[in-house]
Amino acid sequence: MALELTGKVVKILPEQTGSGKNGNWVKQEFVIETTNEQYPKKVCCSAWGDKAGIVKNLKSGDEVKVGINIESREYNERWYTDVRAWKIDTIGGGQSSDEPSGGYAFGADSGESTDDLPF
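And the structure:
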């Protein structure tokens with residue numbers, strides 16, 4: 001399930017690090033307050049890996065648009081829900097954490113001929 005939240009950064013929580021069977025990991029949590037609703041809500045989002053570095057560049061009060069996935073898991077008969085940020089954009093000319101947009105045509109600048117089709 002992929003969703004988007006738009007809001008203002010309220011707080012950036014301390015970075016968490018550790019190591020597991022797949023190597024070292026970094027997690028950075030931040031709280032945003034939605035701004036496009038009649039009753040604003042605060043949501044704590046988590047950014048993992050390279051996305052955690054992008055959260056470090058944010059400041060309280062920054063306007064952001066965050067692409068999120070909501071995931072739940074069970075542990076000892078209790079359910080835990082995680083709001084994971086997979087895309088973080090600052091509104092108003094900020095930096096994007098997503099992959100490069102579709103503005104680049106594949107093979108357009110490669111200098112290769114496009115007439116080499118086998119049929």
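Each residue of the sequence shown is one higher than the one before, counting from 1 in UniProt numbering.
Glycine included, each C-beta is placed from N, C-alpha and C at the ideal position.
In the three-state reduction of the DSSP assignment, Gly-7 falls in the strand class, which pools E and B.
Cβ contact annotation for Gly-61 (same chain, cutoff 8 angstroms, sequence separation greater than five): Lys-8 and Val-9, in chain order. Buried is the label assigned to Lys-51, since at least 16 other Cβ atoms lie within 10 Å of its Cβ. Within the same chain, Cβ atoms closer than 6 angstroms to the Cβ of Lys-41 are found at Thr-34, the five residues on either side in sequence being excluded. For Cys-45, the CB contacts under 8 angstroms within the same chain, skipping 5 residues up- and downstream, are Leu-5, Glu-29, Phe-30, Val-31, Ile-32, Val-66, Ile-68, Val-83, Arg-84 and Ala-85 in chain order. Residue environment for Ile-88: buried (at least 16 other C-beta atoms within 10 angstroms of its C-beta).
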